[in-house]
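Quick note, in our numbering, the sequence shown goes up one by one and the last residue is 69.
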Amino acid sequence: VANMDNFFAPVFTMGKYYTQGDKVLMPLAIQVHHAVCDGFHVGRMLNELQQYCDEWQGGA
């Protein structure tokens, strides 16, 4: 994390996407400060991101 002036901003680290069988996979790490974000909110965001990815791939 380069900017240590703002501890509350979420940090998203994404790796290179790759295919495995009929799936497209991409590593994703998320760092959030618990004072401003709960795991519930991260889960909701990940579910919505998964829906967008499924629609992009034509799976939904």
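Here a beta-carbon is modelled for each residue, glycine too, at the ideal position from N, C-alpha and C.
Since the structure is predicted, the reported quantities are computational estimates derived from the model, not experimental observations.
Residues bridged to residue i [DSSP beta-bridge criterion]
i          : result
residue 55 : Per DSSP, none; premise fails for residue 55.
residue 38 : 22
residue 45 : Answer is none; residue 45 lacks a bridge partner.
Nearest-angstrom Cα separation, counted from residue j out to residue i
i          : j          : result
residue 25 : residue 55 : 18 Å
residue 43 : residue 57 : 20 Å
Endpoints, beta strand (DSSP E) assigned at residue i
i          : result
residue 25 : Here residue 25 belongs to no beta strand (DSSP E), and DSSP marks it neither H nor E.
Residue i versus the options, residue with shortest Cα-Cα distance
i          : options    : result
residue 19 : 61, 34, 47 : 47
residue 22 : 61, 37, 29 : 37
residue 39 : 32, 29, 50 : 50
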